[in-house]
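Heads up, the thing below is written out as structure tokens.
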Amino acid sequence: MLSLLWLIPTLPFLGALILILTGSRIPQRVAARIGCGSIGLSAAITALVGYDFLATGQASYKFTAWTWFHVDGLSPGVTFYLDSLSLVFIFVITFVGFLIHIYSTEFMQTDEGFARFFAYLNLFVCAMLILVLADNLVLLYLGWEGVGLCSYLLIGFWYSEEKNGYAARKAFIITRVGDTAMAIGLFVLFSVFHTLNIQDILVQAPQVWTIGASSAVLVGFLLLGGAVGKSAQLPLQTWLPDAMAGPSPVSALIHAATMVTAGVYLITRMHGIYELAPLAQQWVGIIGAVTLLLAGCSALTQYDLKRVLAYSTISQIGYMFLALGVGAWSAAIFHFMIHAFFKALLFLSAGAVIMALHHEHDMFRMGGLRKKLPVIYYTFLIGAASLAALPFITAGFYSKDQILWLAWAGERGNLWFFIAALTGAFITAMYTFRMVFVTFFGEAKTHISHRPGKRMTIPLVILAVLSLIGGFIELPHTLGHVTLFSNILSPLLPAVPLREGVESTEWTLQLIAAAFSLGGIYIAYIFYIQQPKLADDLQSATRGVHQFWFRGWDLDALYDFVFVRPFVYLSKWNKGDVIDRFYTLLVRLTEYFNETFVRTQNGILRWYIMSIVAGAILIITISLFIQP
Amino acid sequence: MKTLPIESGLLLAGVLFTLGLISVLIRRNIIFMLISVEIMLNAAGLAFIMAGSRWVQADGQVMFIFILTMAAAEVSVGLALILQIYHQLKTLDSDAADKMHG
């Protein structure tokens, strides 16, 4: 069964190929079947391969398709490498991807670009699978850029509106900044190890580098640059809120569940290097902690339902980075998986709400949807509860609790990380339930035009179930101590050594975390249900801060001032292309002579004779004066 | 036999050539232009004859016969062209044939 591994990325690729070649010539039903079928088959094969892999209990499986190229010692193969880490990722990508594909068949059914949409989506899944299955960093980079391309294509899917195209370009260019850092990181790695095979590098790294070696730290920071760009962390997070210009299923799949977590995957995959570069690892944690707070504050002030979710995604990935920063690799991956479930669920529910209300994005014009869209309400509520880490029943609680606990108790954790994570949990609960209360409670403000059908609700229900029970495969040892998930990952990712004398505090911390998330929900309840006037008062009292957070800490304006405007100014100045002036001059000169001499060719015979005579006289005169 | 001084012969050739040249330049009638070209050719021929007689060589007369032959050929082609021009343009004005700027 394991030998079927190569089919997992190939099937979506074939699906994309067929859809691109046939385009809109095939009927929508066929396009939907090709689009969903390829991912569905891929998911089925993933289940088979995963079962086989876990049953046989081997550490890794490698499938080499062919050698990509061979240049001066660098010969990356198109080789797929399956271990427990990539297994978790391909599981999430294919299954969540499949559900989102099903949902999209209904969501996009009135759209002209139906086949194009599925072609891009299939291509994205293929690129993402290549990214996580890659055996060497060159192939990983191919997938990395592939998902970037698909993200660009899908953000700008409705390209007839100018702002969507702008958002797409913004996302592409900003992530490219990080990718450049990552490419340089790969060059440094190659110059040190003379290979880009991930396993070889991880094996050799401890022999070549001592802990804290400067080139290890350099590589750590450069790879972090790539991860920061892709995963929308500080300071490159500004593209993600604008990326919401794409269709909702795209936001769910690419900008919440899978692609944006590629940075988490990269750092986890290269964890051996970060263990040798404590400084870089510490910065991973710091970036995560700061990002989760900043994005959380911004999420509190948004009006657009999808932008709240976008900021919340940035914030949750901040949690994952925080976990990576304290060396809690397995906790980060666990949170990734649970986050993929509930955030995909939230985005898809939000998409259903937006579709039901004539593409209305502003939450404050929604209201009262609880009675009208009950299925959406309950699924959204479950997703929100999971995001807010509602204690004991939701998966989000268990995954986030693990990060909180290790941020405090882990050997590399400290009080500041813990406080940031705890404050973040409080803010998360607050903005999540603000969203729920404003959207689904209160008076109805917009008429419902379209009720979601089965193809939209069934994926929602499945994801809702996963968002609840997904957490029970990994329970802290104060609450049952189930370690199914970390057992799978333990051969690959080392466990976090705890500080001494902290075990006894675990209960206390869990209660504090639970209290904070419940407190956040309660405050949202006071502000948006009990006394809605309070929220308005607070907003007008803190107008400046509110606006500042609303604009995402004004980073857009800062970048606009520091990078965009000088660049535009320079481009305008150099519009005529200074170097090109010389060549333009040559052309002008030729044209001038041409115009002059054209006039002498007037067709009058006597004029020509005159020229001949004048020429002859001139030559004779010269020959008389210049004696040989 | 009394020989003609070469200076006067060459002077005659020069004057004839200049006259021919001037009339080519100022005449618009294409037949007159052809005749003027003939005059110029004959002036050149005269210059050859004079040179031949001065140095007592047969080359000058050979060249003259050559020029004569060429002039005959040129006139036959030229007259055919003039006929065509007149047929096309209904005029003998050379300036009228400037349509192609050639």
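Chains as they are written, first to last, in this note's numbering: chain A, 172 to 799; chain B, 1208 to 1309.
Backbone N, C-alpha and C fix where the C-beta goes; we use that ideal spot for every residue, glycine too.
- Minimum Cα-Cα distance from A/W724 among the listed residues A/A470, A/D707, A/P418 corresponds to A/A470.
- A/F738 sits in a helix when the DSSP states are folded into three classes.
- Secondary structure at B/K1306: coil, using DSSP grouped into helix, strand and coil.
- By the neighbour-count criterion, in which 16 or more other beta carbons inside 10 Å mark a residue as buried, A/D708 falls on the exposed side.
- In the three-state scheme derived from DSSP, where H, G and I count as helix and E and B as strand, A/Y474 is classed as coil.
- The beta carbon of B/K1306 falls within 9 Å of a beta carbon belonging to chain A, placing the residue at that interface.
- With respect to chain A, the C-beta atom of B/I1289 has no partner C-beta closer than 9 Å.
- For A/I438 and A/R626, the gap between their C-alpha atoms comes out near 36 Å.
- Residue-level contact by beta carbon holds for A/L776 and chain B, with a gap shorter than 9 Å.
- If the five residues before and after A/L447 are omitted, its C-beta is found closer than 7 Å to the C-beta atoms of A376, P377, W380, I382, A384, A387, all from its own chain and listed in chain order.
- Chain A has no Cβ within less than 9 Å of the Cβ of B/I1274.
- The residues D306, N307, in chain order, have a CB closer than 7 Å to that of A/N368 in the same chain once the five nearest residues on each side in sequence are set aside.
- Per DSSP, the beta bridge partners of A/G248 are A/T238.
- In the assembly as shown, A/R583 is a buried residue. Its beta-carbon has 16 or more other beta-carbons within 10 Å.
- With at least 16 other beta carbons inside 10 angstroms of its own, A/R440 counts as buried.
- As computed with DSSP, A/L253 is found in a beta bridge with A/Y232.
- Chain B places no beta carbon closer than 9 Å to that of A/I790, leaving this residue out of the contacts.
- If the five residues before and after A/L465 are omitted, its C-beta is found closer than 7 Å to the C-beta atoms of L405, W724, all from its own chain and listed in chain order.
- Straight through space, the alpha carbons of A/M299 and A/A214 are spaced by roughly 14 Å.
- Going by DSSP, A/G554 is part of the alpha helix (DSSP H) stretching over 545 to 558.
- An exposed status is given to A/G194, since fewer than 16 other beta-carbon atoms sit within 10 Å of its beta-carbon.
- When CB distances to chain B are screened at a threshold of 7 Å, the residues of the segment 747 to 781 of chain A falling below it are Q772, N773, G774, I775, L776, R777, I780, M781, in chain order.
- Here A/K543 has I619 as same chain residues with Cβ atoms under 6 Å from its own Cβ, once five neighbours each way along the sequence are excluded.
- Listed along chain B are L1228, each with a C-beta nearer than 7 Å to that of A/V784.
- Exclusion of the five residues before and after A/G554 leaves F513, K514, L516, L517, S520, L634, A635, S638 as the residues of its chain whose Cβ lies within less than 8 Å of its Cβ.
- Short of 7 Å from the beta carbon of A/T550, and not among the five residues preceding or following it, lie these beta carbons of its own chain, in chain order: L516, S520, L631, V632, A635.
- Across the set A/N658, A/M606, A/A342, A/D254, the C-alpha of A/M606 shows the shortest separation from the C-alpha of A/Q473.
- Here DSSP, grouped into helix, strand and coil, assigns A/L357 to helix.
- At a cut-off of 9 Å between C-beta atoms, B/I1233 counts as an interface residue with respect to chain A.
- Burial is judged here by how many other beta carbons sit within 10 angstroms of a residue's own beta carbon; B/N1236 has fewer than 16 and is exposed.
- B/S1243 does not reach chain A, its nearest Cβ partner there being about 10 Å away, counting only Cβ pairs nearer than 8 Å.
- Taking A/I191 as the centre and dropping the five residues before and after it, the same chain places the C-beta of A290 closer than 7 Å to its C-beta, in chain order.
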